[in-house]
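Engineer: I'd like to ask you about the structure that follows.
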Amino acid sequence: PCLQRKIMDYFKED
Amino acid sequence: MLELRLVQGSLLKKVLDAIKELVKDANFDCSTTGFSLQAMDSSHVALVSLLLRAEGFEHYRCDRNLSMGMNLDNMAKMLKCSGNDDIITIKADDGSDSVTFMFESPTQDKISDFEMKLMDIDSEHLGIPEAEYHAIIRMPSAEFAKICRDLASIGDTVVISVSKEGVKFSTRGDIGAANVVLRQNTTVDKPEEATIIEMNEPVSLTFALRYMNSFTKATPLSNIVTISLSSELPVVVEYKIAEMGYIRFYLAPKIEE
């Protein structure tokens, strides 16, 4: 089973 | 006051076609740098970043930074009303709740304007750090689109692995499995037909094919696609827009639980 990561896990809010 | 005149209006239609499947509503930001957009899909798994530089427009007037919230399906409906060779001008007054798209035929014998209501969109703007990537693949965009389409008929996810041997796209599904291996190839007639694989470190990542296939809607914008991979970052799938800028799609990987 694979877990889908989110963009927010990598990029922070400006 | 905002007035952006784009001689090659069809470019804007292609941009919309490239992103409207992924993003429904987005803020277009206008500044002295250019016309840009950053938006995530509704699941926050993918992000699109668009830049059309001011220098790429025949006329570019943007008195103050402006953020215009648009429904992309509605915008596409309006742009569809332009002719393929039309010049498109985007106009908006400061504080206005609408934007106007003006279409001029190349011979100036038909001029239309379409006014679209703007909307308030709450969107988070993310900081995308400059990064070193483990591997960068530059390849014909049509080939990448075919690989994504072919693999999606077998499985839901693609494993992209870069090693000394080249780049491998693999999938697995109920009916079987598929592997496509591309090797570097620079002995081609035209530079846009080359496949160039730059590897600093081997890398292997898993992605949802549904998103990859959505990114390939940008294929008409560029003959070449660049795929940048790093084990610590979302993949970047970039289509350059000739002399104007780019569309970059970022996709977060799937990881073993």
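Quick mapping for you: the protein sequence lines, in order, are chains A and B.
Remember, our numbering sits 1033 above the position in the first sequence when you count from 1.
Remember, our numbering sits 886 above the position in the second sequence when you count from 1.
Cβ coordinates follow ideal geometry from the N, Cα and C atoms, glycine included.
Would you call the region 948–962 of chain B in contact with the region 909–921 of chain B, where contact means no fewer than 3 C-beta pairs closer than 8 Å?
Structural biologist: yes
Engineer: Would residue 1110 of chain B and residue 1078 of chain B be called neighbours here (beta carbons separated by less than 9 Å)?
Structural biologist: Here the question's residue 1110 of chain B lines up with position 224 in the second sequence. Here the question's residue 1078 of chain B lines up with position 192 in the second sequence. Their beta carbons are under 9 Å apart, which means residue 1110 of chain B touches residue 1078 of chain B by this criterion.
Engineer: What in chain A is Cβ-close to residue 955 of chain B, meaning under 9 Å?
Structural biologist: Stepping through the second sequence from its first residue, residue 955 of chain B is reached at position 69. The premise fails here: residue 955 of chain B is roughly 17 Å from chain A at the closest Cβ pair, so nothing lies under 9 Å.
Engineer: Report the residue from B:1074, B:1039, B:956 whose alpha carbon sits nearest the alpha carbon of residue 1060 of chain B.
Structural biologist: The residue labelled residue 1060 of chain B in the question sits at position 174 within the second sequence. Nearest to residue 1060 of chain B by alpha-carbon distance, out of B:1074, B:1039, B:956, is B:1039.
Engineer: Who are the Cβ neighbours of residue 1031 of chain B in its own chain at under 7 Å, not counting the five residues just before and after it?
Structural biologist: If you number the second sequence from 1, residue 1031 of chain B lands on position 145. The beta carbon of residue 1031 of chain B sits closer than 7 Å to those of 1102, 1105, all from its chain and outside the five residues before and after it, given in chain order.
Engineer: Strictly by DSSP, which residues pair up with residue 1068 of chain B?
Structural biologist: Here the question's residue 1068 of chain B lines up with position 182 in the second sequence. Its beta-bridge partners are B:1053.
Engineer: For residue 955 of chain B and residue 911 of chain B, which I take to be in contact (beta-carbon distance under 8 Å), what is that distance rounded to the nearest angstrom?
Structural biologist: As a position in the second sequence, residue 955 of chain B is number 69, starting the count at 1. As a position in the second sequence, residue 911 of chain B is number 25, starting the count at 1. Sure, about 7 Å apart at Cβ, within 8 Å.
Engineer: Would the beta-carbon of residue 1033 of chain B fall within 9 Å of that of residue 1121 of chain B?
Structural biologist: As a first step, residue 1033 of chain B must be located in the second sequence, where it is residue number 147. As a first step, residue 1121 of chain B must be located in the second sequence, where it is residue number 235. In this structure, residue 1121 of chain B does not lie closer than 9 Å to residue 1033 of chain B by Cβ.
Engineer: Residue 1140 of chain B touches chain A at which residues, Cβ-Cβ below 9 Å?
Structural biologist: The residue you call residue 1140 of chain B lines up with position 254 of the second sequence. Simply 1035, 1036, 1037, 1038.
Engineer: Consult DSSP for residue 1000 of chain B and reduce its assignment to one of helix, strand or coil.
Structural biologist: Locating residue 1000 of chain B in the second sequence gives position 114, counting from the first residue. The answer is strand: DSSP assigns residue 1000 of chain B an E or B state.
Engineer: Since residue 1011 of chain B meets chain A, which of its residues come closer than 8 Å, beta carbon to beta carbon?
Structural biologist: On the second sequence, residue 1011 of chain B is found 125 positions in, with the first residue counted as 1. Ordered by position in chain A, the residues that pass the 8 Å Cβ test against residue 1011 of chain B are 1046, 1047.
Engineer: Check distances from the C-beta atoms of the region 1111–1123 of chain B to those of chain A and list, in chain order, the residues that come in under 7 Å.
Structural biologist: 1119, 1120
Engineer: At a CB-CB cut-off below 7 Å, which residues of chain A make contact with residue 926 of chain B?
Structural biologist: Indexing the second sequence from 1 puts residue 926 of chain B at position 40. Those are 1040, listed as they occur along chain A.
Engineer: Reducing DSSP to helix, strand and coil, say where residue 915 of chain B ends up.
Structural biologist: Residue 915 of chain B sits at position 29 when you count from the first residue of the second sequence. Correct three-state label for residue 915 of chain B: strand.
Engineer: Does the beta-carbon of residue 1050 of chain B have 16 or more other beta-carbons within 10 angstroms, so that it is buried, or is it exposed?
Structural biologist: Sequence index remark: in the second sequence, residue 1050 of chain B carries index 164 (1-based). That one is exposed.
Engineer: By Cβ distance below 6 Å, which residues in the same chain neighbour residue 1003 of chain B in space, the five residues on each side in sequence not counted?
Structural biologist: Along the second sequence, one-based indexing puts residue 1003 of chain B at 117. 984, listed in sequence order.
Engineer: Is the number of C-beta pairs between the region 1123–1130 of chain B and the region 1084–1094 of chain B that are closer than 8 Å three or more?
Structural biologist: no
Engineer: Taking 9 Å as the CB-CB limit, is residue 1188 of chain B close to chain A?
Structural biologist: The structure shown does not extend to residue 1188 of chain B, since chain B is modelled only from 887 to 1143, so the question has no answer here.
Engineer: Can the beta-carbon of residue 934 of chain B be found less than 9 Å from the beta-carbon of residue 1133 of chain B?
Structural biologist: For the purposes of this step, residue 934 of chain B is taken as residue 48 along the second sequence, with counting starting at 1. For the purposes of this step, residue 1133 of chain B is taken as residue 247 along the second sequence, with counting starting at 1. Yes, Cβ-Cβ distance for residue 934 of chain B and residue 1133 of chain B is below 9 Å.
Engineer: Could you check whether the Cβ of residue 1018 of chain B sits closer than 9 Å to any Cβ belonging to chain A?
Structural biologist: By one-based count along the second sequence, residue 1018 of chain B stands at place 132. By this cut-off, residue 1018 of chain B is not an interface position.
Engineer: At 9 Å on the CB atoms, spell out the chain A contacts of residue 945 of chain B, in chain order.
Structural biologist: By 1-based counting over the second sequence, the position of residue 945 of chain B is 59. Result: empty, since nearest Cβ-Cβ is about 30 Å, beyond 9 Å.
Engineer: Who are the Cβ neighbours of residue 990 of chain B in its own chain at under 7 Å, not counting the five residues just before and after it?
Structural biologist: Locating residue 990 of chain B in the second sequence gives position 104, where the first residue counts as 1. Only 972, 973, 997 meet the Cβ criterion.
Engineer: Look at the Cβ atom of residue 898 of chain B, then the Cβ atom of residue 944 of chain B, and state whether they are nearer than 9 Å.
Structural biologist: For this step, residue 898 of chain B is matched to residue 12 along the second sequence. For this step, residue 944 of chain B is matched to residue 58 along the second sequence. No, the Cβ-Cβ distance between residue 898 of chain B and residue 944 of chain B is not below 9 Å.
Engineer: Can the beta-carbon of residue 909 of chain B be found closer than 9 Å to that of residue 925 of chain B?
Structural biologist: Walking along the second sequence from the start, residue 909 of chain B turns up at place 23. Walking along the second sequence from the start, residue 925 of chain B turns up at place 39. Cβ atoms of residue 909 of chain B and residue 925 of chain B: closer than 9 Å.
Engineer: If you compare alpha carbons, which of B:995, B:1009, B:1021 is closest to residue 913 of chain B?
Structural biologist: As a first step, residue 913 of chain B must be located in the second sequence, where it is residue number 27. Ranking the options by Cα distance to residue 913 of chain B, first place goes to B:1009.
Engineer: Might you give, ordered along the chain, the residues of its own chain that have their beta carbon closer than 8 Å to the beta carbon of residue 1020 of chain B, omitting 5 neighbours on each side?
Structural biologist: Within the second sequence, the letter at position 134 stands for residue 1020 of chain B. Counting only Cβ-Cβ distances below 8 Å, and skipping sequence neighbours, we find 1048, 1085, 1086, 1087, 1088, 1089, 1115, 1116, 1117.
Engineer: Tell me the rounded alpha-carbon separation between residue 1058 of chain B and residue 982 of chain B.
Structural biologist: Position 172 of the second sequence, counted from the first residue, corresponds to residue 1058 of chain B. Position 96 of the second sequence, counted from the first residue, corresponds to residue 982 of chain B. Distance between the alpha carbons of residue 1058 of chain B and residue 982 of chain B: 51 Å.
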